[in-house]
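>
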Amino acid sequence: MSLTLYLIAGLFLPLFPLSMLFNQMFARLRHPWLRVLLLLAWPQIGVLLLSQAAAPVPDWFAGWALLSAAFYAYRAIALREVGLWIGYIATSAWALLWIGVVEPGLHHLLALGFSLPLAFTALLTGFLEQRLGAAHTALGGGMAIAAPRFAGLFVVAVLAAVATPLFPNFFSLLATLLSPASLSPLFGLGLMLIWLLWTWSGIRLLQGIVVGSPVRNGLQDLSMTATWVYSAGFVGLLLIGINMGGVLL
Amino acid sequence: MERLILAVIALPLMTALLTHLLANRLGRNVARISITGLTATFVVAAVLLWHAISKPGTHEIILGQTWGHLLYDPLSAVMGLLVSGISLIVHLYSRRYMAEEAGYARFFILLGLMTANLLILVAAGDLITLMIAWHLIGVLLYLLLGQDTRSPSAYRFGFWTLFTHRIGDLPLVLAAVLLFNAYGTWSLSEIFQALSTDSSAKTYLGMSLPDLTAGLVALSAFIRSAQFFAHTWLPYTMSGPTLVSALMHAGIVNSGGFLINRFAPLFVESGDVLHAVFVVGLVTAIIGSVLMLTQHDVKKALGYSTMGQMGFMIMECGVGAFSLAVYHLIAHDLFKGTLFLSAGGIIGEARKDDGVPKEDLYTFVVERKPARQRRPWLLMAAITLAVPGIILFLAHYLVEQAFFEKQGAVVLLFFGWITGAQLIFATHRMRTENLTRLFTLILVSFTVVVLGYTLIAHAFDLFLYPDPAFRARIYEAAGIDLIFFDLLVVLVTGVIVLGWLFTYYAEQQRLTERSWYHELRRRFYRAISRELYVSDAYAWLSRQLIAGANRVNTIMRWH
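Taken in sequence, the protein lines are chains R and D. Here this note's numbering is used: the first residue of the first sequence is 5, the next is one more, and so on. Here this note's numbering is used: the first residue of the second sequence is 452, the next is one more, and so on.
1. Helix, strand or coil, according to DSSP, for residue 687/D in the structure here?
2. Do the CB positions of residue 121/R and residue 165/R come within less than 9 Å of each other?
3. Could you check what DSSP says for residue 898/D in three-state terms: helix, strand or coil?
4. What are the start and end residues of the beta strand (DSSP E) that includes residue 522/D?
5. For a contact meaning CB atoms closer than 7 Å, what does residue 78/R contact in chain D?
6. If the cut is a Cβ gap below 8 Å, which residues of chain D does residue 189/R touch?
7. With DSSP as the reference, please indicate the residues paired to residue 140/R in a beta bridge.
8. Using a Cβ-Cβ cut-off of less than 9 Å, list which residues of the region 515–535 of chain D approach chain A; keep chain order.
9. For residue 626/D and residue 181/R, I'd like the C-alpha separation in whole angstroms.
10. Going along the chain, which residues of its own chain have a beta-carbon closer than 6 Å to the beta-carbon of residue 204/R, five neighbours each way excluded?
11. Exposed or buried, what is residue 228/R when buried is set at 16 or more other beta-carbons lying within 10 Å of its beta-carbon?
12. Whole angstroms are fine: how far does the CA of residue 767/D sit from the CA of residue 838/D?
13. Contact criterion: CB-CB distance below 9 Å. Does residue 22/R meet it with respect to chain D?
14. Mapping the DSSP letters down to three states, classify residue 677/D as helix, strand or coil.
15. Per DSSP, which residues does residue 655/D bridge with? Please list them.
16. Counting contacts by CB-CB distance shorter than 9 Å, is residue 96/R in contact with chain D?
17. Tell me whether residue 575/D sits in a helix, a strand or coil according to DSSP, three-state version.
18. Along the beta strand (DSSP E) that carries residue 934/D, what are the first and last residues, could you check?
19. What does residue 638/D pair with, by DSSP beta-bridge criteria?
20. Would you say residue 244/R reaches chain D, if we count a Cβ-Cβ gap shorter than 9 Å as a contact?
21. Taking Cβ-Cβ distances shorter than 7 Å, what residues in chain D pair up with residue 148/R?
22. Just the chain R side, please: which residues come within less than 9 Å of residue 587/D by C-beta, in chain order?
23. With a cut-off of 8 Å on the beta carbons, I'd call residue 259/R and residue 173/R a contact; round off their distance for me.
24. Using DSSP with H/G/I as helix, E/B as strand and the rest coil, what is residue 537/D?
25. Could you tell me which chain D residues have their CB closer than 8 Å to the CB of residue 207/R, listed as they occur along the chain?
26. Is it buried or exposed for residue 586/D, if we count other Cβ within 10 angstroms and need 16 for buried?
27. Locate the alpha helix (DSSP H) running through residue 1006/D, then write down its first and last residues.
28. Whole angstroms are fine: how far does the CA of residue 119/R sit from the CA of residue 248/R?
29. So, is the C-beta of residue 64/R closer than 9 Å to a C-beta in chain D?
30. Tell me, which residues are paired with residue 510/D by DSSP?
31. Would residue 187/R and residue 480/D qualify as a contact pair, given that the criterion is a beta-carbon distance under 9 Å?
32. Residue 639/D: which of 965/D, 510/D, 568/D, 736/D sits nearest, CA to CA?
33. Check the Cβ-Cβ distances between residue 110/R and every residue of chain D, and say whether any is below 9 Å.
34. May I ask you to check if the CB of residue 982/D is nearer than 8 Å to at least one heavy atom of the ligand PLP?
35. Name, please, each residue of chain R whose Cβ falls closer than 9 Å to the Cβ of residue 573/D.
36. Would you verify that the beta carbon of residue 174/R is, or is not, closer than 9 Å to some beta carbon of chain D?
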């Protein structure tokens, strides 16, 4: 019974190939707020399911999770479409929740830490999709000149998504590293490799969207109000991260 | 007074925030806010250093329960003044230098954030704060290098820098996690205290924990300080603003030396790691210097010169001369910063006059100047061997007589001797109208440098590590078996002396004109000019990895 529950949880804390369901769903959702909702709720269902299981998670699940996380982190380095990239990074990050299984309350917080920065990035990506039809590097190059306010926020969003320190997912990742499973060198090194791949993929994406001469001229930038709202959101994210650092570590 | 360290960190952060808020209103005048803030930071840092000298001691300022601890000790006081000083110079220089560039305010905001981050790094009193600051250096540097958002090449090399820095972050994170799991605290002072009481008790997978964690910290320092195999980012970041190059080469790249000094209580428990540190530094110093000599581009040559200097700094740590490494990084900061900031002017002058000496016949017949000459090679060879040795011996004898009992000191003395000898050897190769004057100048400046170096390094040792027992333990940890050490010194001396003799002989016998020599030289030059193919290998590997990921994604239909 527990095994069935774990396998169902494997859909929500995505384990390959069960992870394909989430990625297919995420790719089909076009509305930014629906994406945000999915990013915030999906792993929480998985954590809830895990907390309902009677027996502890078998050890081999942690290995499966690490391989799934590494697989999606590796695949993300070739991506050029921001929406797909968010889905892959989310899959990679949530799979790590199998490794850092802690008491249910903290586990929900850990999952939220991974989801929040990605949700912000998804929301901001809506701007590109609205203006250009797609958030793809082939369409959106040179944003630093074409839409400087958006570009500045997008840089912060991508850095937040790849677990740059002080954002919540950095502390979630660090808490995962402190879990007993991560004390094995394979897991410790694996987690570090995954983190490195996230950065690689994120920076490649940034360079495709932000750098260079603008692909299209006359693009309307984010309004000042929206810029202030997003900026306040990122400051909030930093404060949540700093607070999480105190709670999780 | 100790709490002033908070002001040192807060001031550049506040100036960055104010610059952001007032950029539209003040236009180019916004730079004044940054410069005023940095001047105040520098003054407060100077006051703190003065206080640290007059009342030595270590104080911890605790801002958060788990993390957010700041250390006020001699190391953080010295480094704080250095960081704020270099940053102030860069700020002052940037005011006009960047005036025509787009993103003027952004540049000052990032400079302010980088300064604050570096100041947090040098004052970090716990592993989390240290890790965060260590990590953010790479991120901020990436953004600074990408100041020109139109330039894909600037971003490409910026990415290279960030990626290498990220690789360098990972061993430090692993070391921090292992130390936390072993001692149950993130506080550096508590960990060092625990280490000094039961260093041998903790193991991980059968390995001594101090050895393992010191190895990881050293690895992190190697990557950040551009040691061989992790050096490729350093000479290629010249597409960014010259000021960022100055900041990077004069400050950021030195952070490896700082890290090893910060973890000194860990390294004294792991002598084997110090030996590895010495070897890595030595290899980097040699390869960096060789690569520097083959560059045609002034800034790239400076980049490789930094690599060689970093190798020497890491090597100093490896022989136990930790405080000397701090002095070295300060000296390197100052002279490399000056070189980078004046590089533009020199390139401009070179466009008017290439400065390449003309042929002897030309100067004699056309310019009617006397022919330049060389001294006899045998005399020069004798001077080469003897003079630097005598100067170095006297300098150390006058400053600290017990110096020769430390193996590390002997190794450094040895390198000083080689450097001095190489300098004299170079004067033999030079052709000049007044060789005696040139030679005297070199000799006098060498004596002044060596005496100053020895005297200041000794003062640094007393200031940074006031406990004589701890100083002795560092040298002891870095030492090796005495017979083996002596044999090694004799062997290396023999090889070097034979090398010099061969070079003099080869010049006399005109061996350089033979075909086998040309072929050998051509092959060596090809390998060096391709920078030993290290960058090519990395570029190939990254292309393969991305192509592989693309293939997998296509097979998986992107789900």
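Even glycine gets a Cβ: it sits at the ideal position worked out from N, Cα and C. None of these values were measured; they are calculated from a predicted model.
The structure says:
1. coil
2. yes
3. Three-state result, residue 898/D: helix.
4. 520–523
5. Per Cβ cutoff of 7 Å: 1000.
6. 656
7. 85/R
8. Of the chains in the structure shown, none is chain A; the protein chains are R and D.
9. Roughly 11 Å separates the two Cα atoms.
10. 81
11. Taking all protein chains shown into account, residue 228/R has fewer than 16 neighbouring C-beta atoms within 10 Å of its C-beta and is therefore exposed.
12. 23 Å
13. no
14. coil
15. 658/D
16. no
17. strand
18. Premise fails: residue 934/D lies in the alpha helix (DSSP H), 933–960, not in any beta strand (DSSP E).
19. Per DSSP, the beta-bridge partners of residue 638/D are 577/D.
20. No, because no Cβ of chain D sits closer than 9 Å to the Cβ of residue 244/R.
21. 600
22. The contacting residues are 168, 169, 170.
23. Given a span of 5 to 253 for chain R in the structure shown, any question on residue 259/R remains unanswerable.
24. Correct three-state label for residue 537/D: helix.
25. 593, 610, 613, 614
26. buried
27. Per DSSP, the continuous alpha helix (DSSP H) segment holding residue 1006/D begins and ends at 985–1006.
28. 13 Å
29. So, not an interface residue.
30. 523/D
31. no
32. 510/D
33. no
34. With respect to the ligand PLP, the structure offers nothing, as it holds no ligand at all.
35. The premise fails here: residue 573/D is roughly 17 Å from chain R at the closest Cβ pair, so nothing lies under 9 Å.
36. yes
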